[in-house]
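Asker: Quick note: the first sequence uses the numbering used here, first residue 121, plus one each step.
Positions of the beta carbon are idealized from the N, C-alpha and C atoms, including for glycine.
This one's a predicted model, so the numbers in the text were calculated from it and none came from an experiment.
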Amino acid sequence: MTNTPLLRIFDTLTRKKIDFQPLDPANVRLYVCGPTVYNLIHIGNARPLVAFDVVARHLRRRFPKVTYVRNITDVEDKIIKRAAESGEDPTALATRFAAEFHRDATSLGCLPPDVEPRVTGHMAEIIALIEDLVRREVAYVVDGGGAGSDVYYSVPAFAHYGELSGQPLDQLRDGERVGQGERERKRDPLDFALWKGAKQGEPAWPSPWGPGRPGWHIECSAMAEKYLGPTFDLHGGGVDLVFPHHENERAQSQGHNGDGTFARYWLHNGFVNFNDKKIAKSDETMRHLLKTAFIVRVLVEKHGGEALRYFLLTTQYRHPINFEVYDQGDELRFPGLEDAERQLEYGYLTRRRLDEQLSVGKDAPTQSGGPIADEASGWLDELSAALDDDFNTAGALAALQQGLSVANRLLDGKLAAPKDVKRRTLKRLQGDLAIASSELGLLEANPVEWLGAHRTRRAAAKKLDVAAIEAAIVERAAARAAKDFARSDALRDRVKAMGVELMDTPAGTTWRVAD
RNA sequence: GGCGUCGUCGCCAAGUUGGUAAGGCAACGGACUGCAAAUCCGUCAUUCUCCGGUUCAAAUCCGGACGACGCCUCCA
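Here's what the structure looks like:
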């Protein structure tokens, strides 16, 4: 195997699509900014989760080892605020929502990262890093007005500040809004807090500057270094994190380890828009939707986590994705998720047919060496090539579609092929589909179970009387046996009116919830 | 004001180191079926927001116009 670069990645820092050359091909290292756990996550939070899950999966396919680190921020202003509102202990609240987050991540088909560090478990590392920055005089201590002192990072001390976000310093200063009381403490309006002295009632940890807590950005610098070293390959997150979060992480880490250290490639996912607009908390309607319909838990309940995942992968991760919603009287409809469900149903139906076909007959022991139908080769390579090209999942999904389509054509006898070639091809397709599934995190479930669960969920959503449907099927079977087609059709019409389609197969009649 | 992304069929969405427009949904026609569903087949962008330019050749490069969205403030 040659070492020619396989992957092309759009890097935020250079704003170009460039070849990916890992520092150590034997261990590719990836850091992604995880959630601040103060809430159930919404669809916007789900995008980086899914996008970087595919990044990690694909890297694992291409390299022998990948170390994927995704943090959990469990000390932060929003958590403190939320906890104060409900009277809950901030730590307990964070722990609770971290667990909820894991549940959602799992339902979205995301594999756990290799390391999932939490801020509360890394106070020593954070404090050591800040101490070093103070020692190097790129940070300074200021009386915080409370029990402990504040520590600020001195932006003018870092020559490369603004590079990542492409913002000239004076422009950033123009936009800067300094909070009450901070103005007189900061030497420069761009300086940001590394450590915040504790105020009344806030969670605090002991430090050389008295009781306090870390600022928002420092934890990522400290934890990335601890698990991935001073310099690592990829750093990901949402576009909104480019400034100030990632700009600041970079400043801290390079201030500590020197120029050229820290992340070598920066990846940022685009936003999920709602009817072409950003899901902003400032808008009344959106705020309401964010608390209700856009919650991952709610969407998963209605359409399944895999449909949400599929939807999020229909657009390349960097581009904005539009989440359409329309109000149909008493319920909200999400065409993107409905479409995704249809695609998944097609995929699982195909996989089920494949499994059924290959489980019967014992002809043609499938030597893997023999020829297979031309149409069945190529699509998996196309899928991988699409992912090699800046993780183009939309292109990968198109390739997957080809694979599924070939399987169906073969099963339908639409492709001319000798019996042994056909069987070998089906076997190959089954294997290739499994590889594609594991790359995308899609169609990985047992087809029979998935289709059953899918039907059950949809039947429940439509409040269907399953017993009545099954009774109708039994009655219709008798009518058909007696060639009483008028009766048979009447029964079909009856369930059709309920929104159910009957499917006659050699193995008997089954049913599905109509679209 | 500064920085950046984008504008491809009714809808979603690939394709931009230039070489003659993937795929999906919807729609229509057909095969299969007692009738259906599922599946399969066929039709569905002489054209890529618009105007110029470079070129044998441009959705892809350059210039301009118009439009959309985002960041610069908590935010995925």
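Considering just the uninterrupted stretch of the beta strand (DSSP E) at F414, what are its terminal residues?
Answerer: Where F414 is concerned, there is no enclosing beta strand (DSSP E), given that its DSSP letter is neither H nor E.
Asker: Candidates K137, N191 and E590: which alpha carbon is nearest S341's?
Answerer: Checked all of K137, N191 and E590; the closest Cα to S341 is N191.
Asker: Who are the Cβ neighbours of Q436 in its own chain at under 6 Å, not counting the five residues just before and after it?
Answerer: Contacts found: N512 and A514.
Asker: Quick one: residues in its chain with C-beta nearer than 7 Å to the C-beta of D635, no 5 flanking neighbours on either side, listed in chain order?
Answerer: Only R462 meet the Cβ criterion.
Asker: How long is the line joining the alpha carbons of A597 and L452, rounded to whole angstroms?
Answerer: One C-alpha to the other measures close to 37 Å.
Asker: Which stretch, first to last residue, makes up the beta strand (DSSP E) that contains M623?
Answerer: Counting along the chain, the beta strand (DSSP E) containing M623 begins and ends at V620 to T625.
Asker: In terms of alpha-carbon separation, which member of E476, D540 and A383 lies closest to G490?
Answerer: Of E476, D540 and A383, the residue nearest in Cα terms is D540.
Asker: Rounded to a whole number of angstroms, what is the C-alpha to C-alpha distance between D510 and R438?
Answerer: D510 and R438: Cα-Cα distance of roughly 9 Å.
Asker: Just curious, the beta strand (DSSP E) that W325 is in, first and last residue?
Answerer: Here W325 belongs to no beta strand (DSSP E), and DSSP marks it neither H nor E.
Asker: Whole angstroms is fine: what's the gap from G425's alpha carbon to R255's?
Answerer: For G425 and R255, the distance between alpha carbons rounds to 48 Å.
Asker: Leaving out five residues on either side along the sequence, give the residues of the same chain with a beta carbon under 7 Å from the beta carbon of N115.
Answerer: No information on residue 115 is available, as it lies outside the stretch 121 to 635 that the chain covers here.
Asker: Can you check which of these residues, G357, A505, D353 and A580, is closest to D144 by C-alpha distance?
Answerer: Closest option to D144, Cα to Cα, is D353.
Asker: Suppose you measure from the CA of D252 to the CA of V359; what does that come to, to the nearest Å?
Answerer: For D252 and V359, the distance between alpha carbons rounds to 29 Å.
Asker: According to the neighbour-count rule (16 or more other Cβ atoms, all chains shown, within 10 Å of its Cβ), is P184 buried or exposed?
Answerer: P184 comes out exposed.
Asker: What are the start and end residues of the alpha helix (DSSP H) that includes G515?
Answerer: Segment T513 to L531, the alpha helix (DSSP H) holding G515.
Asker: Please report the straight-line C-alpha distance between F130 and R181, rounded to a whole angstrom.
Answerer: Using only the alpha carbons, I get a separation of about 19 Å.
Asker: Measure the alpha-carbon distance for I246 versus T193 and round it to whole angstroms.
Answerer: In a straight line, the C-alpha of I246 is about 13 Å away from that of T193.
Asker: Give me the residue from L292, A413, D624 and E421 with the minimum Cα distance to D450.
Answerer: Checking every option, the nearest Cα to that of D450 belongs to A413.
Asker: Would G523 pass as a contact of R429 if the rule is Cβ separation under 8 Å?
Answerer: Contact: no.
Asker: Determine the closest residue to M618 out of R632, D624, F605 and P626, with distance taken between C-alpha atoms.
Answerer: For the residues R632, D624, F605 and P626, the minimum Cα distance to M618 belongs to R632.
Asker: If contacts are defined as beta-carbon pairs under 8 Å, then P323 and R307 qualify, I think. What distance do you get, rounded to the angstrom?
Answerer: Going by Cβ atoms, the distance from P323 to R307 rounds to 27 Å, so no, they are not a contact pair.
Asker: Any idea what DSSP makes of F363, helix, strand or coil?
Answerer: In this structure, F363 counts as helix in the three-state DSSP scheme.
Asker: Counting beta carbon pairs with one atom in the stretch 276 to 285 and one in the stretch 224 to 236, are three or more of them shorter than 8 Å?
Answerer: Because the criterion of three Cβ pairs below 8 Å is not met, the stretch 224 to 236 and the stretch 276 to 285 do not touch.
Asker: Report the CB separation of V586 from A579 in whole angstroms; it is logged as a contact under 8 Å.
Answerer: About 6 Å separates the two Cβ atoms, so the contact holds.
Asker: With three or more C-beta pairs closer than 8 Å as the rule, is the stretch 228 to 242 touching the stretch 170 to 180?
Answerer: Contact between the stretch 170 to 180 and the stretch 228 to 242 is present, because at least three Cβ pairs lie under 8 Å.
Asker: Taking L314 as the reference, give the member of D270, I492, G456 and N159 with the closest Cα.
Answerer: Of the candidates D270, I492, G456 and N159, the one whose C-alpha sits nearest the C-alpha of L314 is D270.
Asker: Could you give the distance in angstroms between the alpha-carbon of Q141 and the alpha-carbon of L622?
Answerer: Each residue's alpha carbon lies about 54 Å from the other.
Asker: Taking the alpha-carbon positions, what's the D379 to E367 distance?
Answerer: The straight-line gap from Cα to Cα measures roughly 14 Å.
Asker: In the structure shown, what three-state DSSP assignment does R600 receive?
Answerer: Three-state result, R600: helix.
Asker: What are the boundary residues of the alpha helix (DSSP H) that includes E465?
Answerer: Residues P455 to S479.
Asker: One question on the structure: do L611 and A627 come within less than 8 Å of each other, judged by their Cβ atoms?
Answerer: No. Outside cutoff.
Asker: Would you kindly work out how many angstroms separate the C-alpha atoms of R128 and K542, rounded to a whole number?
Answerer: Approximately 36 Å between the Cα atoms of the pair.
Asker: Taking only the alpha-carbon atoms, compute the straight-line gap between K411 and P328 and give it to the nearest angstrom.
Answerer: Cα to Cα, the separation comes out at about 40 Å.
Asker: Ignoring anything shorter than 4 residues, give me the alpha helix (DSSP H) runs that lie fully in the stretch 143 to 221, in order along the chain.
Answerer: Counting whole runs of 4 or more residues, the stretch 143 to 221 contains the alpha helix (DSSP H) stretches 163 to 182 and 197 to 206.
Asker: From D396 to N442, what distance separates their C-alpha atoms?
Answerer: The alpha-carbon atoms of D396 and N442 are separated by roughly 6 Å.
Asker: Between which two residues does the alpha helix (DSSP H) holding T545 run?
Answerer: Unbroken alpha helix (DSSP H) run through T545: K539 to L560.
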